[in-house]
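Asks: In the UniProt record's numbering, the protein residues as written are 1 to 186. Here it is, the structure, as C-alpha cells.
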C-alpha cells in the first residue's frame with residue numbers, strides 16, 4: 001500500500017454531549033453483536049493500533065507514529081511515508097458507528113458498507129471535501145458505543161494504478177481489529 005502526505009479527515013464530531021442521546025445503535029448503524037470492551041481502545045494508538053511488521057507491509061517502511069487527539073472524539077496516530085495511515089480511537093462521543101452514520105454519511109462522495117471486519121460492522125467513506133478521492137476512512141464499530149477509524153492516503157504509485165483507497169483502508173482496519181481482539185484476549 002502507499003500514499004501522499006496529508007492527514008485523512010476525521011469523522012465529524014457528533015452532537016454535543018448535552019443533547020439528548022438516542023438509544024444505540026441509531027441513524028441506520030448496525031448493532032455490534034459481539035462487542036469488545038471499550039478498554040481495548042485505551043492508550044496510545046501509536047503503540048497499540050499497528051505493529052512494526054504491519055506498518056512495513058502497509059507503507060514499505062516503519063515511520064515514527066505522530067500522536068494526536070481529536071477534540072470530542074479520542075486519540076489518534078498518523079504514520080507518514082510515501083503513503084499515509086491514520087488510526088483514531090473514537091471513545092469520547094459514546095456513539096460508535098451511529099455518529100458516523102448520522103454525521104459523516106451525509107457529507108460523503110463515497111459510502112460503502114463492508115462485510116464484517118473481524119466480526120465487526122464497518123463502513124468506508126470518502127468525504128466530499130477530498131478533491132482527489134484518494135483519502136478513504138473506514139470506521140469499525142467494536143461496540144455500539146465505541147469505534148475506531150483507519151484512514152489511508154494513497155501513494156502516487158497506487159493512485160496512478162487506480163487502486164481503491166477504501167479496499168486498502170479496510171485491510172488496515174482488519175489489522176487494527178486483529179490487534180484489538182488480541183489485546184482483549186479474544
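Cβ atoms here follow ideal geometry from the backbone N, Cα and C, with glycine treated the same way. All figures in this text were calculated on a predicted structure; none of them were measured in a lab.
1. Helix or strand or just coil, what does DSSP make of residue 49?
2. Out of 165, 114, 141, which has the shortest C-alpha to C-alpha gap to residue 130?
3. Can you tell me whether residue 93 is buried or exposed, with buried defined as 16 or more other CB within 10 angstroms of its CB?
4. Could you pull out every residue in the same chain whose Cβ sits closer than 6 Å to the Cβ of residue 102, ignoring the five residues on either side in sequence?
5. Along the alpha helix (DSSP H) that carries residue 180, what are the first and last residues, could you check?
6. Short check: CB of residue 96 to CB of residue 112, under 8 Å?
7. Quick check on DSSP: helix, strand or coil for residue 109?
8. Out of 117, 143, 137, 80, point me to the one whose CA is closest to residue 108's CA.
9. Considering only residues of the same chain and omitting the five flanking positions on each side of residue 98, which have a CB-CB separation below 6 Å?
10. In the DSSP assignment, find the alpha helix (DSSP H) that holds residue 97 and state where it starts and stops.
11. Assess, as a yes-or-no matter, whether the segment 39-47 is touched by the segment 57-75 under the definition of 3 or more beta carbon pairs within less than 8 Å.
Replies: Working from what's here:
1. coil
2. 165
3. buried
4. 27
5. 165-184
6. no
7. strand
8. 137
9. 24, 25, 26, 27, 29
10. 96-99
11. yes
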